[in-house]
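Taking it in order: structure first as structure tokens, then the write-up.
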Amino acid sequence: MELEILLFFVCSCLNAEWVDSRIRQKRGIIELAGAIHCGTGKSSLSYLAYGCYCGLGGHGIPKDQTDWCCHRHDCCYGYAERYGCFPKTHRYNWNCVSGNVKCDSTRDLCQKLVCSCDKELAKCLRKAPYNRKYVAYPNFLCGKENPPCKYYDD
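What follows is the structure in structure tokens.
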């Protein structure tokens, strides 16, 4: 019984974070789930093994617009890493306002870069169609050719 109460309390606390979309949050790779939820209204688990790039790793030609969003996000993290940032662990403040990720003002370059990557992913995923046929897509069907990140360089 005590375990059930503890689990209920933990789950209630976790769910409370999602109730008010204007709550200030700290971000790292774990909180990327918050940006996805903020921008799309979907659970980040919906994108965990989507296509060839959404989730861990990535290779091959992206399968659809959603997969291209994830490819671009991977490239963005790579760009941040070239500046000495650690996007998967870097934490910073942000807000979710009306379905949009708002990065807090900061002088820290890594915070700006990583928040921008996650913000753009959320915005891209919101606009992209979600095709169930690419959920749990087998990696061996992705191929070996990788589109370069230079497509996104400004």
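With mature numbering (1 follows the signal peptide of the UniProt record, and there is no 0) as the guide, the letters of the sequence shown map in order to residues -16 to -1, 1 to 138.
All C-beta atoms in this analysis are idealised placements derived from N, C-alpha and C, irrespective of residue type, glycine included.
Worksheet item: Which residues in the same chain as residue 44 place their Cβ atom closer than 6 Å to its Cβ, once the five residues preceding and following it in sequence are excluded?
Response: 36, 126 and 127
Discussion item. Measuring only the C-alpha atoms, how far is residue 122 from residue 129?
Written reply: 16 Å
Fill in: residue 130 in three-state terms, based on DSSP
coil
Item to complete: Would you kindly work out how many angstroms separate the C-alpha atoms of residue 31 and residue 78, rounded to a whole number?
Response: Taking the straight line from one Cα to the other gives about 21 Å.
Discussion item. What does the alpha-carbon distance come out to for the pair residue 59 and residue 115?
Written reply: 22 Å
Worksheet item: Which one of 95, 88 and 18 has the shortest CA to CA distance from residue 67?
Response: 95
Worksheet item: Any idea if residue 81 is buried or exposed, counting beta-carbon neighbours within 10 angstroms, 16 or more meaning buried?
Response: That one is exposed.
Worksheet entry | Three-state secondary structure (DSSP) of residue 115 | coil
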